[in-house]
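Report on the following structure.
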Amino acid sequence: MTQQTLIELLDSRVSAALAAVGCEGAPAVVQVSGRPEYGDYQANGVMGAAKARKMNPRQLATEVVAKLNLEGIASKIEIAGPGFINITLAPAYLAAQVQHALADSRLGVPQPAMQRVVVDYSSPNLAKEMHVGHLRSTIIGDALARVLRFVGHDVIAQNHVGDWGTQFGMLTAFLIEAEQGGDSHVALADLEDFYRRAKQRFDEDEAFATRAREYVVKLQGGDAQVNVLWQKFLDVSLHHCEAVYEKLGVGLKREDVRGESAYNPDLAVVVKNLQAQGLAVESEGAQVVFLDEFKNKEGQAQAYIVQKQDGGYLYSTTDLAAVRYRVATLKADRVLYVVDARQSLHFQQMFSVSRKAGYAPATLSLEHVGFGVMLGEDGKPFKTRSGGTVKLAELLAEAELRAHALVSEKNPDMPEVERRVIARAVGIGAVKYADLSKNRNSDYVFSWDSMLSFEGNTAPYLQYAYTRIASVFRRAEGFDATAPVVLGEEAERQLALALARFADALQSVARETMPHFLCAYLYELAGQFMRFYEACPVLKSEGAVRASRLRLCELTARTLKTGLGLLGIEVLEQM
Ligand code: ARG
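As structure tokens, then:
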């Protein structure tokens, strides 16, 4: 069947009609929601075309509609307002879409031209334990990687961990002391504490500080003994991260880790290359690239530093080396950097230098997928009660605990093992969904009560909607999995329409790197299902109608499960 999403199909048909009347114009087909008088889709590109040719837009719209071939697709095409074309899809067409999706393991989602997409996400600094600051990158990056993969792209995850720099000299020096004192194991059990103690030694003991600095030099020089200890420290730290990924149900693996240290051998090469191209120049002893397009307040070109006065390299140099690796070795068509919005300037400048230096060809898309900060209910950055940083492991444990209390209250007689399984899916799902459902560009308030609510745009609401359908099937006592879908009632047609929009929702997430589009879609779908379920009896209906309605239920359940799965959220058969 079709290898286009609904919007792509309508777009191409309206384009063809515009071309048939001699216009080249963007058809601009958009989805309409909640306004049945405007149809299901609206094409509003005719007005632009009319303006360009100084024509009466309604007149042009009439001509376009006369050429618009939507036979077998639309049941109604209307011109509205100054020249909008409103399109209502035919029940038979939507029924066929539902059947097609039911017969397909990809739920009818067409495959676009495949791209290799590198997704740089999570990327914590390994000197310390993961804290809430890393939650958003980890969750958003994972959801994007899943959606891109499902849509049909070749995704390479890159965990660009911070594993290099002066801190690691201090940490290895401290690890040697701990080993000598025989308590390295105990000391490493709490990385935060380990870091604090190392820092304290560094600040208070001059001899230790000197040794720490020597270790940085040794480490960079490839000294074997220091290297072993550094590796040991990284290993412990990565284990902490992996425990968090495991809890979160995030698919990052050891082989996805390519830390800053991996680029160390290339840093001098990058700076030399930038100098040879006349891009990097000396300024106050440092090597900098002046960028005309980024002016400071005084109107001077901003300097992007690639090597410090003391010869040391920076975060920026490492990212330039990483671009080269991602292009030359990973063969990326697109690179997504899922990193805090506060690093926005760094990325814009780094992209600009990469282009100028020829590291990033014009065909490569470099995108900073930024996000705002997580706030506490007081509207201030999320902190522990005593004002400290919240460890991720502790936050997730609390999520499960709270969900467990909720489940126990609802189902006091449920066996404990089952309650645990539900608590995990609901607790972790709630934390992830609360994050993913907001526009990532804004800051968001972390609130246990709203994320664990069974009402509104939350994970528990969607998980519950899924279990309701599962319970319909438990009570259905068998059904015909080949029965034709017939959409007699408007509520059935609306549900089928919502189901048919899945591919467009995924495509827009993949294109615009906005996971909240998928959440909004699933919430809308669950709402349409509830309206259908109220308006159209399923189990109490009979014959072909009952069989058809069960098939609608089936596709709704599969779409909810798949969609939540793409957000990294589990569904349950019962809760
Ligand atoms: N480690 C960095 C941090 O914690 C994030 C790295 C993001 N990725 C990158 N290629 N710069 O802020």
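Position 252 of the sequence shown, counting from 1, maps to 252 under our numbering, and the rest follow consecutively.
Ideal Cβ positions, reconstructed from N, Cα and C, are used throughout, including at glycine.
In terms of residue numbering, what span does the beta strand (DSSP E) encompassing residue 369 cover?
Counting along the chain, the beta strand (DSSP E) containing residue 369 begins and ends at 365-369.
Quick one: measure Cβ to Cβ for residue 83 and residue 61, integer angstroms, because I've assumed they're closer than 8 angstroms.
4 angstroms between Cβ atoms; contact.
What is the C-beta distance between residue 249 and residue 140, in whole angstroms, given that I count them as a contact (C-beta under 8 angstroms)?
Between residue 140 and residue 249 the Cβ distance is about 14 angstroms, and since that is not below 8 angstroms, they are no contact.
If you drop the 5 nearest sequence neighbours on each side, which residues of the same chain put their C-beta closer than 6 angstroms to that of residue 1?
Confidence at residue 1 is low in this model, with a pLDDT of 42, below 50, so its placement is unreliable and the value that follows should be read with caution. Excluding positions up to five away in sequence, the list reads 100.
Taking DSSP's pairing of strands, which residues face residue 563 in a bridge?
According to DSSP, which records beta bridges pairwise, residue 563 is partnered with nothing at all.
From 381, 319, 385, pick the residue whose C-alpha is nearest to that of residue 354; which is it?
The candidate whose alpha carbon is nearest that of residue 354 is 319.
Using the C-alpha atoms, what's the distance from residue 27 back to residue 79?
Cα to Cα, the separation comes out at about 14 angstroms.
Based on Cα-Cα distance, which residue from 565, 16, 343 lies nearest to residue 441?
The shortest Cα separation from residue 441 among 565, 16, 343 belongs to 343.
Return yes when the Cβ of residue 120 is within less than 8 angstroms of the Cβ of residue 336, no when it is not.
Going by C-beta atoms, residue 336 is nearer than 8 angstroms to residue 120.
Do residue 173 and residue 211 have their beta-carbon atoms positioned less than 8 angstroms apart in this structure?
Against a cut-off of 8 angstroms, the Cβ pair of residue 173 and residue 211 comes out as a contact.
Is it right to say residue 258 is buried, meaning 16 or more other beta carbons lie within 10 angstroms of its own, or is it exposed?
Buried.
Would you mind reading off the limits of the alpha helix (DSSP H) that contains residue 51?
It spans 46-52 - the alpha helix (DSSP H) in which residue 51 sits, taken as one unbroken run.
Using a 10 Å radius around the Cβ and a threshold of 16 neighbouring Cβ atoms, would you call residue 17 buried or exposed?
With 16 or more other Cβ atoms within 10 Å, it is buried.
For a test of the three-state rule: what should DSSP assign to residue 382, helix, strand or coil?
Three-state result, residue 382: coil.
I'd like to check one pair, residue 90 with residue 75: are the Cβ atoms closer than 8 angstroms?
Taking 8 angstroms as the Cβ cut-off, residue 75 and residue 90 qualify as a contacting pair.
So the candidates are 102, 369, 204; which of them puts its Cα closest to the Cα of residue 496?
Ranking 102, 369, 204 by Cα distance to residue 496 puts 102 first.
Considering only heavy atoms of the ligand ARG and the C-beta of each residue, which residues fall inside 6 angstroms, strictly closer?
That query returns the following residues: 120, 123, 124, 125, 160, 162, 319, 322, 337, 339.
Out of 462, 415, 421, 424, which one is the CA nearest neighbour of residue 437?
The candidate whose alpha carbon is nearest that of residue 437 is 462.
Should the stretch 405-418 be regarded as contacting the stretch 367-378, the criterion being three or more beta carbon pairs within less than 8 angstroms?
Segments in contact, no.
Could you please give the first and the last residue of the uninterrupted beta strand (DSSP E) stretch that includes residue 142?
Counting along the chain, residue 142 falls outside any beta strand (DSSP E), though it belongs to the alpha helix (DSSP H) covering 135-151.
Going by C-alpha to C-alpha distance, which of 270, 298, 142 sits closest to residue 513?
Of the listed residues, the one whose Cα sits closest to residue 513 is 142.
Check whether the Cβ atoms of residue 316 and residue 327 lie closer than 8 angstroms to each other.
Cβ distance not < 8 angstroms, so residue 316 and residue 327 don't count as in contact.
Can you give the beta carbon distance from residue 126 to residue 183, rounded, assuming they're within the 8 angstroms contact cut?
No, residue 126 and residue 183 are not in contact; Cβ-Cβ is about 21 angstroms, not under 8 angstroms.
Buried or exposed, going by whether 16 or more other CB atoms sit within 10 Å of the CB of residue 281?
It counts as exposed.
How do the stretch 104-119 and the stretch 485-495 stand: do at least 3 beta-carbon pairs fall below 8 angstroms, yes or no?
With the cut-off at 8 angstroms, the stretch 104-119 and the stretch 485-495 do not touch.
In terms of alpha-carbon separation, which member of 138, 392, 92 lies closest to residue 128?
It is 392 whose Cα lies nearest to the Cα of residue 128.
Per DSSP, what kind of secondary structure is residue 79 in: helix, strand or coil?
DSSP places residue 79 in strand when its eight states are reduced to three.
Under a three-way DSSP split, which group does residue 293 fall into?
Note: residue 293 maps to strand in three-state DSSP.
Assuming residue 256 contacts residue 115 (C-beta within less than 8 angstroms), just tell me the rounded distance between them.
So it is not a contact: roughly 18 angstroms between Cβ atoms.
Helix, strand or coil, according to DSSP, for residue 115 in the structure here?
Three-state result, residue 115: coil.
Buried or exposed for residue 53, going by 16 or more other Cβ atoms inside 10 Å?
With fewer than 16 other Cβ atoms within 10 Å, it is exposed.
Let me make sure I understand the geometry here. Which of 304, 268, 338 has the alpha-carbon closest to that of residue 284?
Answer by Cα proximity: 304.
Report the option in 232, 333, 245, 362 whose CA atom is closest to the CA atom of residue 396.
When each option's Cα is compared against that of residue 396, the closest is 245.
For residue 11 versus residue 32, is the C-beta spacing smaller than 8 angstroms?
Not in contact: residue 11 and residue 32 (Cβ atoms no closer than 8 angstroms).
Quick one: give me the first and last residue of the beta strand (DSSP E) that residue 86 is part of.
Residue 86 -> beta strand (DSSP E) spans 84-89.
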